[in-house]
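Protein chains in written order, with the numbering used here: chain U, 1 to 136; chain L, 1001 to 1136. Heads up, the beta-carbon is just placed ideally off N, CA and C, and yes, glycines get one too. Here the structure is a predicted model, which means the values were calculated and not measured.
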C-alpha cells in the first residue's frame, strides 16, 4: 500500500490534531491536502469534497469500517497518548483495557471520526525505522 | 501506524478477492480474522461484528472517508490490475485516467466497499521492500 487517505472536513483542524496528539509533522501541505511520511507508506489528509470527487465516491453517514492502529513500546504509554489525543480534539471510543488476544489498547476517533487504536502489542516488533512486523 | 484494519462481512470472500486480485497471501488466519504483512505495517481483515465490538464503534451506512492506494511501477500496469480486481469481485468506482497532479489512476472498491486507488505515481519511489517515500 503506497498511501492511506483520510477524508477530513477541515484540514487545518486535522493538522492540529495530528501535531498535538501524535506529534507528527507534514512532509507536504497545499490547500486542501496534507501528507505525512509514515513507516513505509504515505498518510494523506484530503478535504472531503475533493476526496469524494477524486474517488468518485460519496462518503456515507457514520464511520466506515476502517481502523488504524498506532503501537507504542510499553503498556504504560497507552493511556497518556490517548489522553493527549483527547486533549487535541479526539473523541473516546473505547477506554484502554486488555483484549483477549493480549496486550493493552483503547480507541480514540480523530476529529472526523476516523478510528485510531492505541496499542501496546509486544508480539509485533517495530524496527528502528518504525516498520512493524506481524507476530502471533 | 502498526496496522490498518478493514471490517468485512465475509472474511473468506475477502481473502479470495485479495488473493485473486492482488495476489496477496495471509501471514495469519483464524476464524473471523486475516492478517497480511504489508510494507512496514500489518493489514487486517476483521469480521464486521467483531470489529464493531473491539472498537466500540457502530459502522455507518455507506463507505467511510478512507481510501487506500496501491502503486504500480508503470502506467501500463494500472488498467490490467484494475481489471483483475474487478474480475475478483471488486466494483469500479472510477475508470483510470490522468489526475491533475500527474500520474495515472483509477479506483476499485473491494467486496465491502473499501476503496483502493490503483495508481502509477512516478514521483513516489518504492524500494526493494515495498516501502514508499513521498515525493512532490
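### Query
How many Å lie between residue 24 (chain U) and residue 4 (chain U) at the Cα?
About 15 Å.
### Message
Quick check: residue 68 (chain U) and residue 116 (chain U), are their CB atoms within less than 8 Å of each other?
### Response
Their beta carbons are under 8 Å apart, which means residue 68 (chain U) touches residue 116 (chain U) by this criterion.
### Task
Give a yes or no on whether 8 Å exceeds the smallest Cβ distance from residue 1104 (chain L) to chain U.
No - not a single Cβ of chain U is within 8 Å of the one on residue 1104 (chain L).
### Query
What first and last residue would you give for the alpha helix (DSSP H) that runs through residue 1019 (chain L)?
Start and end: 1011-1022.
### Query
Which value, in whole angstroms, describes the spacing of the CA atoms of residue 97 (chain U) and residue 36 (chain U)?
When the Cα atoms are used, residue 97 (chain U) and residue 36 (chain U) turn out to be separated by approximately 29 Å.
### Task
Give a yes or no on contact between the stretch 1105-1115 of chain L and the stretch 1003-1017 of chain L, applying the rule of three or more CB pairs nearer than 8 Å.
By the criterion of at least three beta-carbon pairs nearer than 8 Å, the stretch 1105-1115 of chain L is in contact with the stretch 1003-1017 of chain L.
### Query
Where does residue 41 (chain U) sit, in a helix, a strand or coil, going by DSSP?
In the three-state DSSP reduction, residue 41 (chain U) falls in the coil class, being neither helix nor strand.
### Query
Are at least three pairs of beta-carbons, each pair with one atom in the stretch 55-72 of chain U and one in the stretch 1085-1100 of chain L, less than 8 Å apart?
Here the stretch 55-72 of chain U lies against the stretch 1085-1100 of chain L, with 3 or more beta-carbon pairs under 8 Å apart.
### Query
Curious, which full-length beta strand (DSSP E) runs of at least 3 residues does the stretch 94-126 of chain U contain?
Runs of the beta strand (DSSP E) inside the stretch 94-126 of chain U: 104-109, 115-120.
### Message
By the DSSP assignment, the beta strand (DSSP E) with residue 1029 (chain L) in it spans what residues?
### Response
Looking at the DSSP string, the run of the beta strand (DSSP E) that includes residue 1029 (chain L) is 1028-1030.
#### Entry: Alpha-carbon to alpha-carbon, residue 26 (chain U) and residue 40 (chain U)
Answer to the nearest angstrom: the Cα atoms are 15 Å apart.
### Query
What distance in whole Å lies between the Cβ atoms of residue 1118 (chain L) and residue 1086 (chain L), which are believed to be in contact at a cut-off of 8 Å?
Between residue 1086 (chain L) and residue 1118 (chain L), the beta carbon gap of about 11 Å keeps them out of contact (Cβ cut-off 8 Å).
### Query
Using the beta-carbon of each residue, which ones in chain U are nearer than 8 Å to residue 1017 (chain L)?
Those within 8 Å of residue 1017 (chain L) in chain U number zero; the least Cβ separation is about 15 Å.
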